[in-house]
Every structure is written in structure tokens, then in C-alpha cells.
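Chains as they are written, first to last, in our numbering: chain P, 1 to 1012; chain R, 1013 to 1503.
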């Protein structure tokens, strides 16, 4: 078969492609391109693979079915159209006989019937659908203009252009190309300096160098990652009405990093589908499996987890088949596919593969992986190194530092001394209970009530006070107690000028006994951690609580200590029966409190009874906690340790296979109803495709390897087509989401196959593929178009001109921020919230409108880091056709609406960018006449010089705006500063406001909003 | 699956991409565009693609339409139909008895387990209008429009949670991702307003419906067909207001400059999309006055404001009803109002079917009745379809969780509910369908949500099986694979 003729007929027959040229009809009919779409669209609903819907037992999608003897007639008799019933039926005038039946559709066109006749006469051969046949590299066609083609791709394109009797367009200038390449490869415009450098680069490989330099930028991964996240239906919320926040940004960062590292696409695939099943997977490979944890989880009350777990599994099947194989599986979920050879049981065989993961629509998203980011790891490693250096110094100290150890140990060997002056005042805050003296300075409570507060005042001894002690005694009728709070202040003797009480704080606390969960130290804390001190398990004994005072205050002679004890925990009737307060003046009290019990025991021994080991322990403890010489190191160690602990891991939901014993049984869900189950389905792949690669099991890993095996006819085609679409605006298969019989056939079939095979032959190397595509002569053409060419080829399928289309809303925002000079280049981490309008509405049963704008540079991060909430997607992106990421989106629409104009004119994000750009314009060019400033603006935003007319227009606009703002200072201030913030002191606000208006125009030019 | 019934998609998408092939800006273009679109719609001719530039240009329907526009009033949460429209004396008689096992078998409920108790309505019912429509005392203003409405008391759905039920009702499918009813209508018919969006959504009572933006999203069809949410407070359309400090006069000047520069670009590169952009900026400029204009109800005479109970400057369902009339008057194709707070579980006094329902209806039935009267008076009711309803019904028994409280409430119930339509080709003063004695099942003339959708599209002039869009290899339609037109309710 000859391609020229096929292409031509195809164009005449399918309505998707507009007629490009006329010519003579071909001799040989191509089943796949000419007959299959006809039969598929007009016959298969009733005569297709779906047995349930099949009429008259006739099946027209297979040779066997179409030639079957049906009561003596044959729909198709190969080679003999006159004996083929199908033609009789197609041509019949009798409404009872005619096919398709009048109710189902109009008769076929005479040319279409003629085509079927010729096809039958030529043998009625049923080729498999084109995309189910593995691609092979066709010879590169020869072309008339031998000099035009830069690489093979150009030859394929040019050969077609020449056949259409058309000519390619000239190459665009370097400035245009600089901008086109930069936007296409990094999603950001080039700086004017970069444009000039490229323009002035006279080396023969200047173009390749420029491309390579762009591909090496981190922004490459951010831009192409953004596109992949549409496929991955990545979002920072769980979806469904409650739309809970979900921590899964680790996956987003993995995608960006994988693209920047140029991870080969086959490995990129395997990691995401089954990274957890690879033997000894790296942390990154497990994080990659979050691809399929981007399914939604349903947290609304009254819903069934199993129903929504199944919905997630279905989404995984459909997404996998869409993303990698351009195959719509959702039809086969309810019934055997009507036009493609996919049965319902095969659908559930795929379902079975994905039905074995441990996740189950849980609110906590388990299983999840905790991980440290590369940056955190680096930081932790650094701290660990520093900590071990300090440790080393401390364990091998200067011998002189040990000098004080002996004296210190002597002091520590004696318990601190306490004085328990009888309280001279006790206030109780409960009635009718009373506190009464109980001898030896103890106070007894005469009645247990629910809660109590005591204020006790004691006379103080002279000298610095170092500690406070509370002793308790068991009392009949009282059990466990909780001391929820204790506070103290020094009350100077009355009559003194500075008689204000001076509060004291405690630095450490220790008790002889602590109930688990109620430690003495909790009295020093606040909030939830302040559980109080309790003694369950030892309520029949006396206890003591010791608190060390901060800074050992020295009270004025005659002062008293006022102590407030609270017993107001959540536990009622947990009161102390009898207690006594003491104070200490021992100077090492806090050291003594801090002693670990083991050391206390050692220190209680006479010094000559201590073993060598015990002596070492004492010295070591002294060096690490007490010695003044080690203080700087000790403090540093504490700080570093705290910093180390403060680095918290992040989490990401991941795929995890159930153990064999817990494998789920999969049954066909009749008509897609999860509660109406049919036959058991076993893991496997559809029969229409090659089998699993040798040595693979029918699990996710086997499935992933199957997707990227050389035998798989679709994955490479679908993938190169998507990259093509991103760069040229329309895919070679325009329905990039559908390569089955319901999709559009490829416009350049040989080119598509050549690219697919080449991609696989070169190790699925994405950056290489992109380099190939942008290096073509076709890519470099000017995008100018004549009305004639526009008429002939409105969608630019021939590529006889350069591609030009509107980029996505995310890029438009990034570009605005970048041109304005306020784009943050910080990469990765939790998603951020740029400015967004408050829509004043809550989501049902979910989160209220709690979008708090991120502080600092985070509000100016690249759009890929903007928090994605499925129920309230970022409004301006939505306006530019961004999906809400509930399900996988292969191809976005590209609309052009007035609401988009509102975004780029008035959205505070864009207004702020205009203001910042205006400040840049004013600051950058210190010239009184506006022309130089406008030149700078055009260089920065458009990568080119303005022409005379453009200069005039913008100069006039600036003058008009300036005179308006000179008259209205308040308006000028708003225009120049709201929402960006105050300008430099002394700035000419009217001028800034006028330039803001000009910048706003430049940033709304069709040229700025298009990539040309 | 018939290719010839789905000619819109590739053509119109191409049109969206490469708009204005020939004469987008031509003033005479519109009639012929409509005619060509009709041709494209019915015959599959490739001509439509080449010629139809503006995706929102008005188009004729597949056949003569009774309704040119729709106002859909959705009471988000599901109104208690047994306390408003579906009078069940037997249920009152057996009130307090345990539900017979036969009615509970095979049914699951959102918040009720075990054997709940039947609950007859505490409201008093009477018949109103020439058609003798049963209504309760909860909705006194509805009594006055009994002769205008077509009450369907045999509605059912398959979903018993709010979000899926709302999505099913508005998109034909219980999960997110499909185009909504209003999108289908504007996709099929375009807009008759040059200065306003074709599909407008307004929300009252502070919370958006459970189904979220999916209820007015465009799914996989182009986003020009998605509902534009308008607010009666603040910026009526997102980002429509000029930034602080920019006067309308200066905005005009900036747009003039933009126009000049873009025109230069157009003549240099010849891309029709540039022409479209110029046009869209001009439309945006017009919308900056037309939208606030139409949204400004202070221009209405006091007696109209009083009729609706609308208060200029506020945000309420009453204001939205009045705005709905103003919008359809200006040619908006589909107006959808959502009002929150109809989930009458009885878990709080506000969600009880006695005082709670009285209060909710008092804030809402008056503006609805006023809207019907107003449309009628202006001659708009004949070709405007008004729909009032919820996403499902409520149980004939008392909600299990609240059985011990003073407040009476009902659980979600998908099998039966009531809904009414008015104007635009439906019978007036007419009651259709019935539930059984206790209100557990449909007894006659069942209508499920897909039937309702098919009927609404029919009234707009479309065969619901032929208004389709091809996506990912499949033809999609509002009614999924279901739906039949309920001819009995049509005039």
C-alpha cells in the first residue's frame, strides 16, 4: 500500500480532518484507515464484540464473524461483493431490510458503500486496528528539497507538505526562537540577556547549545512535571465532599526530580506503577508509587469504604490504560467494549492486578511512607557530624577539666537540706472543706471535695532560696491525687517601698514516685503537656516532690513565700490528704535534682567504696553536665540535638501489596455495579495485546514491565505523541487520549511509528526526544500564516508553518511573575497558597474557606507548587481550562473567553505583577524619556524590540495615564501599590501607576499570552 | 454511537481552537452561524466547523423548543417532600409504629440503623388551585401558584448521599467529571446575550452545594460552557472589577492600546485566535458594565423588591430569585440557584420539619412565588422553564439518630421525592405520579432523574440521545445511558 493514496482517502472520508487537497482515488483499500472507522461507527453497536448487544448473531469486527454462515447467507464473501449480504442491506430501500436500521442512523453515503464494495472485492481482509500492531520504522521518505530537512522528522513532514503542493515557512528569527524554546522547555520566558546571547552566538551548534542549556535547568522538570501531574491527577486534597488535606507533595517533587534527572521513561513508568515491588526498592521508588495514591478517598459520613476503595481501583485501571496506552477502558467496566476488542472479564483481570494493594479508602490514607527530603537529609547529616564531633571532644576532654569533679561529687553525696517553717496562712478555695494543721508542719484536708486550690504562705529563711519541696502523707479516705499546678512568689514584708510580690519560676522537678503519664516535670510545662503530678500505684506511701528555683533568688529579710497549689485536673476527687511545704538553701539543688537515679546511688556510697567504673561514671557525668569548661560544648550539643530532632519527616501515601494470605478475590461487577458480582476474574492483560514479558508475574510489576516492553504496540506511540502535542499544539494523533478505534487515526502514521521505535531504541530518553523535536526545521518555522494556508490547514497538522498556541494558565502566571521580577525559584516542599479571591463560601461538610496566603516568597512560587484542592481549585487556573484533578486528564481544552481577560487584567496576582514590572521598568532605565523604558519592557516581556507604532501607542498610553494619575493621587497610590505594597520612599507614585497601566497592557498582549 | 448524531465535537473544538475562520466580527454573521450550526447538528456536515466561530453564538435546537431558557432552583440537602407535597394520611394514622420489615428489607440509610418508627407529617395539608394540588401549610406562598406548576410526586434517584445525588441530578452521573445540565444546554443552544455569560450560577445561605462546582462544571466539554458563578455581593463575576485606582476611562484607554497592538499582531501573523482575543477583551469590557448592571437590583421598583422580599446590597435567596429573572430577561440561557440548608434530619431546631421547615420556607417560598408571577406578567413564563426541587427525598420514618429529641427529622431517602416545574411547555396546575400508601415506593408513573433530564432537554428542543459529545472514544450525553421523556407532563 502506498501512503500517498491512503492519506488522501482518509482525508476524504473522515470528518475529523479537513480536506487539504484533492486528487485521484487509490486502488487498494486500507481496512484500518478506511473500512474500520466506518464499521466501527456505524455497525458495531449491534454487530460488535459485545455478545449481550449483538443482533442476529452477526459480528462485523472479525473476519470469522463477518464471513460466518448465517442461515445460508454471509455478510461478507471475500472477493465477491455481489454475494455479500452486507452490500444488499446497505443498498436496500426497504426500511425493514436496510442497514443501519432507520432508527439507528442514516444510510451510508454512496462513496462509503462503494469503498466497502471494493474492499470486499479485494479480498475483504481484516487487519488488526493500526495501534494494536507493533510499530516498525518505515524508511525515511525522500524529498525534493533535500536541504530543508534537519533530521528524519523533517523528511516525513516535508514529504507530506510537498505532496500537498505546499511549501514550508521560513525559519523564525533567533529572538522568536529563544522565547519559543524557553517557554516550551522550561515554562519560563528567557531573559533579554539570554536572548541576545543566543542571537549573537555564531557557533554552528549555537541552537543545540541553547536547547541543551534549557534542558539542564531545574525549571525544566517543574514545567514538564506540571503536565505529568494532570495525568497523575495529583492534588493536595482527598476529593469528594469533605476534600480533606492530603500530604502527598513528596510525589510531586519526585516527578520533578525524575524529569530533571532524565530518568528513562520506562523506568519512570515502572517506578510509579510498581516501585514498591522492585526488589530492594529505593525510598524514591516507593515514593513514586504515590502516582496511584492520587485517587480520591471518601470521608463523608454514611458512606461505604469498600465502595470507594473499588472506585479507586477502577480509577487506577482506567488511568493506567489511558496514560500509557491511550486506551479507554471505562466502557469495558460495565460491558464488553462495543468497538475495541476488550471484554468485561479482561477489564476485571486488570482490575485484579490493582485490587491487591493494602490501601482501603481510609481517612488516614494508610499505608504511608515517612521520609526526609534530600535537603533535610543533608541537614540531618550535617548536624549528626557536628554532634559526633562535640561528642568526641566531650569523651576525650582536657584532663584539667576534670579537676572540679571530686569536690562536686562530695557536695552531691549529701542530700540537700530542707527547712519546713510552719505556714502562717492557708487559704482554701473550697467550701465547706478546711485545711487544718496536722503536726510537723503538715496540713490536713478535712474533707475530700472535687477540686481544690490552696494558697499557703511560709516565712523564709535568710539567704538565697534554691528549692521548694512538697511532701505528702496518705490519709484515710483519700486515694490517688493529681497536683495540676504549683506556683510560687516571694512576698516582701509589708510596709516596704517595693513590696510587690516577685514571682519565681521552677527549672526542674523531681519526685520520688511518678504515675505513668503524670510526671513531676509536667508541672513545668504548659498546655496539653501539663498533665500534673500523680501517684497511682503508690497511694499508701509518703511522697516528695522537689522543685528547683530559677536563679536562687535572695529575698529581703522578713519575706515570705506564697505558694499556690492547684488540684484542678480533669479528675475530680483526686486530692492530696495531707501535705507539708519546705524550702531549701542548698546551692546545688538543681544539680542534685537532675541526677539520674543510678548516679544518685553511686554518690550515696562513701567515696572510697566506689569502683573505678563508678568513678569514671561520676567524672563523665560531671564533664557532660557540670564542668564550667565544657559549658560551650554542652550548650552547642543541646542546640544541635534539638535542631536534629526538629527536622520532622514528611509523609506520602504509597502502594503496598497485601500479603498472599489476604489477597482479594476479584469478580466481574455486572453492569459496573460493585454489589452485583459475576464470575471470578484472574489477574492478566487483555488478549488483544502481546502477553506479559517472559518471567513477569501478573501483578503490578509485571503489568508495568508489560506497559514498557518493546512488544507493547501503544506505550511508545502514545508517549511520543503526547510530547509532540505539547510542542506542536496538536498530536500526530489528535485524540491523544484515545488510540483505539474510536480515536482519530494518526495524521503522519509513519512518522509516529518512526518516533515511537526510535524512542524505544534510544532507551526511552525523554530529553533526547525533546531535543529531536525542537531541533526540527519544522519547529523553527515562523508561525505567520497566509489566509490560504489557514483555510487549507487550520489546525496546522501539516506543519507548513511554526506552531502557535495558548499555553496553560499556570505558565501564564509564572511568566507574569518572572517578567515582574518577583518569581521565587525555590523548589519543592509542601504546596503553597498564592493570593486568591475569597469566594465567601464553605464547602459542604468540609473545610471552610481557609485559604491563607503563604508568607514571603512562597506566594510567588511557580504554579506547580500551588496547593491543589479538588473542591475549590485555584480560580484563575480553572478559568484557563485547568482540570480539578479528580481524574486523569490527558488533554486540556484550550479556550479563549472573556473570563480569561478578567484574570490577566484584574486578578490581583496579575495586577501585582504589573506593579512589580512597573517598578522594574522605572528602576532599570534611568532615562527621562519613556521610549527606553518601553524598549526595556518589550525586551523583557516579549523578547523583542517594539516597532515605531507600538512605541507610539504605549508612549501615548503612558502620557494619558500619567496625566490622570497626576490629577488623582489616591488612585495613583492604589494603582502603584495595591496589592504589591509600599514603593520606595520618595517614589513618584503617579509615574509608577502609569507604568503599571502600561505593564498591564504589555502583559495582556496576544503575543504575551501566546507562545509563538 | 452513531457518528452522524455527534458532529459537534470535533468541529466545535476545532472552532474553539482556531475560532473566527471567516467573519466572527461580522454583524450579519449570527443568523447564518445559527443556521450552519443547525446544519452541523443534524447532518454531520463538515461545514459547521469551518464557519461557526463563536462557540457561544445562539443556535437553534434540534427541533422546535417549548422552553428557551431554564431557571433551576435547587434546594440543597433535600426538602422533606412528605411535609410539603406528598400527603400520606395512612402514614399519619400509623405514626409512631415501627416500620414494617417489608419496607426496610434491602434498603440502607445514611444515618439510620435498626427499626425506626413511622412518622406522619405534623403539618396540615389541603388541596390548592384548579388542579387540586396537595400542599402543606409550610409553604403558604406556593398555594398561590398552584395553578402554574406541574407537581411530580413520583421522582426517584439511585443515590442517597448528597454529593453523588446532586452530581447525578445535574450531570447524569454520580461522580465528578461530567458536563452539567446547564453546560449541555449552552453547548446545544449557545447564548442569546452578547454581554453576559450563557450559564449563570448563584448560591445563597453561605455554603456551596455538596456536589461542589461539578454541579455547574463543563466536565470534558470546553470550559466556555461551564456555569459562571455570579455573586450579589462583591465582584459579581470573578475579577470583573478593575484594580483599585484604575478608572473605567483609563481601562478603556488601556484596552484601546491593547486593541491597536493586537490588531497589528493580527495583520502581521494572521492568526484568527488573535481576532477572537480582541473580541473577548471587548466582551469583557462590556461585561464590566452589563454584569454589575444586571446584578444591581436597586434599579427595581420598590413593589417588585417587596414582592420578592429582596433587599438591595444583601445576599439572599430572594435576591437571587429576582436576579434570575433579570438575567433571563437579558438572554441568559440557564440560571441555576442553589440554596443551602435543606437537610432536615432534625439534629437541630433549624433542621426540624416543624419550626425549622416553617422558617426555611418563609425565607424561600415567597420569592419563588414572586418569580413565577413576575415571569408570567412579563410574558416570559411561556418559554422559561422553572424547576424547584432537591436531590432526593426524605424517609417516611423518623431519623434514627434523633429519635430521642424534641425535634422531628427525617433521613435521606432516594426512592421517592417530589419536585415541580413551571412554564416552558409543562402542564400547569397538574399533579403527576404517586407514591404508595406509606410513601416507601413509587406507586404510579415513576420519573427518575435521568427522565427529568431527558424531559428538560426535550423542552429545550433536544433529543437527549442526540445531544452528545465524544470524549476519550465514547459518546457522552447528559442522561448517560438512561432517560426517557415524560410526555404526560408536557403541554
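C-beta atoms are modelled at their ideal positions from N, C-alpha and C, and glycine is treated no differently.
None of the values given here were measured: they were computed from a predicted structure.
Secondary structure of residue 1461 of chain R (DSSP, three-state): helix. In this structure, the beta-carbon distance from residue 1175 of chain R to residue 241 of chain P falls below 8 Å. In the structure shown, residue 1351 of chain R falls within a strand segment according to DSSP collapsed to helix, strand and coil.
Residue R:1274 holds the alpha-carbon nearest to the alpha-carbon of residue 954 of chain P among R:1274, R:1482, R:1299. Within its own chain, the residues whose Cβ lies closer than 6 Å to the Cβ of residue 418 of chain P, once the five positions on either side in sequence are excluded, are 469, 582, 584, listed in chain order. With respect to chain P, the C-beta atom of residue 1236 of chain R has a partner C-beta closer than 8 Å.
Here the alpha carbons of residue 99 of chain P and residue 1102 of chain R stand approximately 55 Å from one another. Residue 229 of chain P has a beta carbon lying at 8 Å or more from every beta carbon in chain R. For residue 975 of chain P, the C-beta contacts it makes with chain R under 9 Å involve 1255, 1256, 1257, 1258, 1262, in order along the chain. Residue 419 of chain P sits in a strand when the DSSP states are folded into three classes.
Chain P places no beta carbon closer than 8 Å to that of residue 1496 of chain R, leaving this residue out of the contacts. Residue 472 of chain P is bridged by DSSP to P:543, P:579. Under the three-state reduction of DSSP output, residue 150 of chain P falls in the coil class, being neither helix nor strand.
Chain P has a Cβ within less than 8 Å of the Cβ of residue 1265 of chain R. Boundaries of the beta strand (DSSP E) harbouring residue 1167 of chain R: 1161-1168, taken from the DSSP string. The alpha-carbon of residue 912 of chain P is positioned some 11 Å away from that of residue 905 of chain P. In its chain, beyond the 5 residues on either side, 227 have a beta carbon closer than 7 Å to the beta carbon of residue 726 of chain P.
In the displayed model, residue 83 of chain P falls within a helix according to three-state DSSP. For residue 827 of chain P, no pairing in a beta bridge is given by DSSP. Taking CB atoms only, residue 240 of chain P has a neighbour in chain R less than 8 Å away. Annotation for residue 1085 of chain R: the continuous beta strand (DSSP E) segment containing it runs 1081-1088. Residue environment for residue 55 of chain P: exposed (fewer than 16 other C-beta atoms within 10 angstroms of its C-beta). By the Cβ test, the region 1003-1010 of chain P is in contact with the region 925-942 of chain P, since at least three Cβ pairs between them sit closer than 8 Å. The continuous alpha helix (DSSP H) containing residue 1367 of chain R extends over residues 1367-1389. In chain R, no part has a C-beta under 8 Å from the C-beta of residue 53 of chain P; the shortest such distance is about 10 Å. Going by C-alpha positions, residue 539 of chain P is about 17 Å away from residue 569 of chain P. Ranked by Cα distance from residue 510 of chain P, the options P:600, P:577, P:921, P:79 are led by P:600.
Among the residues of chain P, those whose CB is under 7 Å from the CB of residue 1283 of chain R are 785, 804, following chain order. Within 8 Å of the CB of residue 1252 of chain R, the CB atoms of chain P belong to 902, 906, in sequence order along the chain. Taking a C-beta cut-off of 9 Å against chain R, the contacting residues of the region 962-974 of chain P are 964, 965, 968, 970, 971, 972, 973, 974, listed in chain order. Around residue 954 of chain P, the beta-carbon contacts reaching into chain R at under 9 Å are 1269, 1273.
The Cβ of residue 765 of chain P sits no closer than 8 Å to any Cβ of chain R. DSSP, read as helix, strand or coil, puts residue 963 of chain P in helix. The DSSP assignment places complete alpha helix (DSSP H) segments of no fewer than 4 residues inside the region 1103-1128 of chain R at 1113-1116, in order along the chain. According to the DSSP assignment, residue 1193 of chain R belongs to the alpha helix (DSSP H) that extends over 1193-1201.
Interface criterion met: the Cβ of residue 1288 of chain R is under 8 Å from a Cβ in chain P.
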